[in-house]
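Undergrad: Protein chains in written order, with UniProt numbering: chain A, 1 to 182; chain B, 1 to 348.
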Amino acid sequence: MAGSENINQVTNEERELWNAFRKGNEQAFSDIYHQFSGTLYNYGYHLAADAALVQDAMQDLFSDLWRTRKNLSETTSVKYYLFRSLRRKLHRLSDIKQLPEDLYPLQTESAETLRIQGEEDILQRQHLQRLMGLLPARQQEVIRLRFYDNFSWEEIAGILQINEQSVRNLVQRAVVKLRELW
Amino acid sequence: MDYSVYDTADFVCNDSFVAWIQHGEQADFWKTVEEQYPEKRAAMSEARAIITAASSLPAFTLKDEVSAEIWNNIRKKPVTRWYRAAAAAAIFALATLWWLMPQQSHKKDFVYRQLLRKAKVEHPVEVVNEGKKPMAVSLPDGSSVLLQPGARLSYPACFSHGCHRKVFLSGAAFFEIYRDAKQPFVVYANEMIIDVLGTSFAVKAYEEDSLVELLVKTGRVAVSVQSTDQQVILTANQQAILTRSTLLVDVTSLQEHKPLAATLETYSFVFTDAPVDSVMKTIEQAYGVHITYDKALLADCRLTASLYDEPLYEKIRLICKALEASCIIEGNDIKISAKGCHQNVIEN
Numbered sequence: 001m002a003g004s005e006n007i008n009q010v011t012n013e014e015r016e017l018w019n020a021f022r023k024g025n026e027q028a029f030s031d032i033y034h035q036f037s038g039t040l041y042n043y044g045y046h047l048a049a050d051a052a053l054v055q056d057a058m059q060d061l062f063s064d065l066w067r068t069r070k071n072l073s074e075t076t077s078v079k080y081y082l083f084r085s086l087r088r089k090l091h092r093l094s095d096i097k098q099l100p101e102d103l104y105p106l107q108t109e110s111a112e113t114l115r116i117q118g119e120e121d122i123l124q125r126q127h128l129q130r131l132m133g134l135l136p137a138r139q140q141e142v143i144r145l146r147f148y149d150n151f152s153w154e155e156i157a158g159i160l161q162i163n164e165q166s167v168r169n170l171v172q173r174a175v176v177k178l179r180e181l182w
Numbered sequence: 001m002d003y004s005v006y007d008t009a010d011f012v013c014n015d016s017f018v019a020w021i022q023h024g025e026q027a028d029f030w031k032t033v034e035e036q037y038p039e040k041r042a043a044m045s046e047a048r049a050i051i052t053a054a055s056s057l058p059a060f061t062l063k064d065e066v067s068a069e070i071w072n073n074i075r076k077k078p079v080t081r082w083y084r085a086a087a088a089a090a091i092f093a094l095a096t097l098w099w100l101m102p103q104q105s106h107k108k109d110f111v112y113r114q115l116l117r118k119a120k121v122e123h124p125v126e127v128v129n130e131g132k133k134p135m136a137v138s139l140p141d142g143s144s145v146l147l148q149p150g151a152r153l154s155y156p157a158c159f160s161h162g163c164h165r166k167v168f169l170s171g172a173a174f175f176e177i178y179r180d181a182k183q184p185f186v187v188y189a190n191e192m193i194i195d196v197l198g199t200s201f202a203v204k205a206y207e208e209d210s211l212v213e214l215l216v217k218t219g220r221v222a223v224s225v226q227s228t229d230q231q232v233i234l235t236a237n238q239q240a241i242l243t244r245s246t247l248l249v250d251v252t253s254l255q256e257h258k259p260l261a262a263t264l265e266t267y268s269f270v271f272t273d274a275p276v277d278s279v280m281k282t283i284e285q286a287y288g289v290h291i292t293y294d295k296a297l298l299a300d301c302r303l304t305a306s307l308y309d310e311p312l313y314e315k316i317r318l319i320c321k322a323l324e325a326s327c328i329i330e331g332n333d334i335k336i337s338a339k340g341c342h343q344n345v346i347e348n
């Protein structure tokens with residue numbers, strides 16, 4: 001199963017990587033791209049459901065990053081910075097307030113892997129994940145950022161450009177809705 | 001901290017509780033809470049289930065080659081970005097034109113057209129059954145599809161030659177998929193997405209119906225629903241019904257639905273010491289194909305065969321092998337040239 005890294009606190013390694021990149025180290029830039037491209041794409045696709053658009057936004061984001069590297073400050077979390085920037089880019093490139101309606105591609109879990117896992121065990125989880133897919137887009141996004149991408153409440157508030165209490169309220173409402181549907 | 005006022009949502013929002021569920025941190029503390037507040041166990045267990053499910057949501061993966069392409073573009077000069085935008089605009093304009101044109105003539109295929117457009121299938125091959133009988137369609141990978149009257153099916157021209165085996169269906173059809181673990185076979189039917197390894201199943205996806213129905217005869221398939229994270233696994237003799245308005249899938253076992261099981265029997269091919277003539281008739285009727293052979297020569301021939309989820313043409317091939325005959329297949333016409341026969345048994 002994908003997901004659940006540790007909380008996104010910036011490690012020394014990450015800070016060094018970021019600083020090396022700011023000084024123009026191409027290897028550091030490449031490392032940052034390769035470390036975060038997968039999770040960024042997943043986040044972007046959930047927002048825009050358009051593979052080409054997300055790829056374009058990622059391309060723009062990293063091109064800008066390289067071009068403006070000298071003006072960048074130290075960061076508390078590279079992942080947070082990238083998520084927030086990608087969201088802005090996608091907002092600019094398209095109207096993503098609408099629910100994604102594109103084809104849902106194949107899940108990372110193939111029929112084969114599901115077969116291997118204990119089916120009993122995943123039934124309830126699948127059921128809940130199915131219900132989560134029915135929540136309003138914004139509630140889904142907050143749940144994903146909090147539990148899948150492990151951002152803090154403060155970081156989520158920063159990414160969505162709303163206050164922390166509103167983020168908590170979105171999760172509260174999502175839980176109420178999930179319990180209704182359960 | 002007083003947890004007596006906590007509800008499920010409060011636990012879900014509590015960072016320390018989340019850290020316990022996700023990483024096992026402060027386990028002793030939370031176990032004590034569980035003991036101190038037995039009336040909160042239900043809420044805690046709900047919160048646990050929600051956090052666990054949310055932490056392992058299915059992800060969209062960026063393919064390595066796509067990631068590499070983006071990386072190459074990033075490292076190029078910014079000029080290329082202009083071309084990209086122009087190319088994207090041109091493709092969009094073409095796609096819009098292409099989408100608008102057939103819309104007038106195929107009002108009932110709106111969702112199907114939309115699926116094709118969104119999947120960006122270039123030069124699809126389309127088969128439409130405009131007749132009144134089921135029509136057999138052979139796909140380039142050896143799979144076969146029995147299209148019901150009025151049904152239409154599309155697939156990319158590069159099908160099984162490098163691109164994924166995916167087909168788009170509007171209407172009802174019975175599928176027999178050629179087994180190829182390396183190339184998954186995917187059917188898009190209205191909002192339902194059927195992910196197949198090698199199996200046989202029937203799909204009913206009429207644009208005007210409120211449901212999309214799937215019956216699995218053999219093997220296993222994974223069913224997911226567009227725009228949602230749902231995924232269910234179906235095994236032989238199970239049925240999935242997707243309610244299009246709510247996008248929820250219900251799975252039932254066919255044992256509980258005798259009449260439905262009976263409809264699958266239509267596609268059963270178990271012959272014990274059967275005259276060749278009756279075998280041919282069964283296949284002709286089931287697939288709507290026409291088989292030509294020397295009836296006088298094969299009049300006394302008998303076949304024993306258990307054919308299940310082989311694609312039609314695989315069935316024909318097996319029969320021809322047993323009869324030591326040569327077969328020529330041209331669309332719905334099958335020509336069998338045999339020299340005679342002994343007792344023939346098909347071992348499958």
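C-beta atoms are modelled at their ideal positions from N, C-alpha and C, and glycine is treated no differently.
None of these values were measured; they are calculated from a predicted model.
Within the 7 Å Cβ cut-off, does A/F62 reach chain B?
TA: Output row for A/F62: interface = yes.
Undergrad: Under a three-way DSSP split, which group does B/I336 fall into?
TA: B/I336 falls in the strand class under three-state DSSP.
Undergrad: Thinking just about the alpha-carbon of each residue, which of B/V187, B/G131 and B/K132 is nearest to the one in B/Y155?
TA: It is B/V187.
Undergrad: A/R144 touches chain B at which residues, Cβ-Cβ below 9 Å?
TA: Per Cβ cutoff of 9 Å: A54 and L57.
Undergrad: For B/L247 and A/E74, what's the separation of their Cα atoms in angstroms?
TA: Cα to Cα, the separation comes out at about 45 Å.
Undergrad: With DSSP as the reference, please indicate the residues paired to residue 190 of chain A in a beta bridge.
TA: Nothing can be reported for residue 190 of chain A: it is not among the residues displayed for chain A, which extend from 1 to 182.
Undergrad: Do we get a CB-CB distance below 7 Å when we pair B/L307 with the residues of chain A?
TA: So, not an interface residue.
Undergrad: Bridge partners for B/K166 per DSSP, in chain order?
TA: DSSP lists B/V186 as partners of B/K166.
Undergrad: Using 7 Å as the limit for Cβ to Cβ distance, is B/F60 near chain A?
TA: B/F60 counts as touching chain A.
Undergrad: Tell me, which residues are paired with B/G171 by DSSP?
TA: B/G171 pairs with B/A205.
Undergrad: With distances taken Cα to Cα, identify the nearest neighbour of A/V171 among A/F62, A/L65 and A/L145.
TA: With distances taken between Cα atoms, A/V171 lies closest to A/L145.
Undergrad: Would you mind stating whether A/F36 and A/I159 have Cβ atoms separated by less than 7 Å?
TA: Not in contact: A/F36 and A/I159 (Cβ atoms no closer than 7 Å).
Undergrad: With C-beta atoms as the reference, is residue 387 of chain B less than 7 Å away from B/L214?
TA: Past the edges of chain B, shown from 1 to 348, lies residue 387 of chain B, and the structure says nothing about it.
Undergrad: Counting C-beta neighbours from all protein chains within 10 Å, is the total for B/R220 16 or more, i.e. buried, or is it exposed?
TA: Label assigned to B/R220: buried.
Undergrad: Please confirm if A/S37 has its CB atom under 7 Å from at least one CB of chain B.
TA: True, the Cβ-Cβ gap to chain B drops below 7 Å.
Undergrad: With the cut-off set at 7 Å, would you say B/V212 and B/N190 are in Cβ contact?
TA: Closer than 7 Å, so yes.
Undergrad: Rounded to whole angstroms, what is the Cα-Cα separation between B/C327 and B/H164?
TA: If you take the alpha carbons of B/C327 and B/H164, they lie about 29 Å apart.
Undergrad: Would you call the CB atoms of A/L72 and A/R130 closer than 7 Å?
TA: For A/L72 and A/R130, no; Cβs fall outside 7 Å.
Undergrad: Which value, in whole angstroms, describes the spacing of the CA atoms of B/S337 and B/D141?
TA: For B/S337 and B/D141, the distance between alpha carbons rounds to 25 Å.
Undergrad: By alpha-carbon positions, which one of B/F168, B/D2, B/V223 and B/K182 ends up nearest to B/Y206?
TA: It is B/F168.
Undergrad: For B/V66, which residues in chain A fall below 7 Å Cβ to Cβ?
TA: In chain order: Q55.
Undergrad: Determine the burial state of A/W182: buried for a count of at least 16 other Cβ atoms within 10 Å of its Cβ, exposed for fewer.
TA: Exposed, since its Cβ has fewer than 16 Cβ neighbours within 10 Å.
Undergrad: Please classify A/L132 as buried or exposed, where buried requires at least 16 neighbouring CB atoms within 10 angstroms.
TA: Correcting the residue type first, residue 132 of chain A is Met in the shown sequence and not Leu. A/M132 is buried by the Cβ-count criterion.
Undergrad: Using a beta-carbon distance cut-off of less than 7 Å, what residues from the region 120-138 of chain A approach chain B?
TA: Under the 7 Å Cβ criterion, the region 120-138 of chain A contributes Q124, R125, Q126, L128, Q129, R130, M132, G133 and L134.
Undergrad: Distance check for B/E35 and B/V66, CA to CA, integer angstroms please.
TA: Looking at the two C-alpha atoms, the distance is approximately 51 Å.
Undergrad: Nearest by alpha-carbon distance to B/M135: which of B/V232, B/R117 and B/F175 is it?
TA: Among B/V232, B/R117 and B/F175, the Cα nearest to that of B/M135 is on B/F175.
Undergrad: Within its chain, find whatever has a CB closer than 6 Å to the CB of B/D180; leave out the 5 residues flanking it on each side and keep chain order.
TA: Answer for B/D180: no residue qualifies.
Undergrad: So, is A/L123 buried or exposed, given that buried needs 16 or more other C-beta atoms within 10 angstroms?
TA: Exposed is the call here.
Undergrad: Does A/Y45 come within less than 7 Å of chain B when only Cβ atoms are used?
TA: Yes, contact with chain B.
Undergrad: Check the C-beta distance from A/A157 over to A/N163 and give it rounded, since I have them as a contact under 8 Å.
TA: Right, their Cβ atoms sit about 6 Å apart.
Undergrad: Please return the same chain residues whose Cβ sits closer than 7 Å to the Cβ of A/R69, not counting the five positions on each side in sequence.
TA: Once the five neighbours on either side are set aside, the close Cβ partners of A/R69 are F21, R22 and G24.
Undergrad: In the structure shown, what three-state DSSP assignment does B/F159 receive?
TA: DSSP places B/F159 in strand when its eight states are reduced to three.
Undergrad: Measuring alpha carbon to alpha carbon, tell me which of B/V5, B/A47, B/A305 and B/V249 ends up nearest B/W20.
TA: Comparing Cα positions, the closest option is B/A47.
Undergrad: Can you tell me the Cα-Cα spacing of B/A325 and B/D294, whole angstroms?
TA: Going by the C-alpha atoms only, they are around 11 Å apart.
Undergrad: Exposed or buried, what is A/E155 when buried is set at 16 or more other beta-carbons lying within 10 Å of its beta-carbon?
TA: A/E155 should be labelled buried.
Undergrad: Compare the C-beta of A/N42 against all C-beta atoms of chain B and say whether one is closer than 7 Å.
TA: With 7 Å as the cut-off, A/N42 counts as an interface residue toward chain B.
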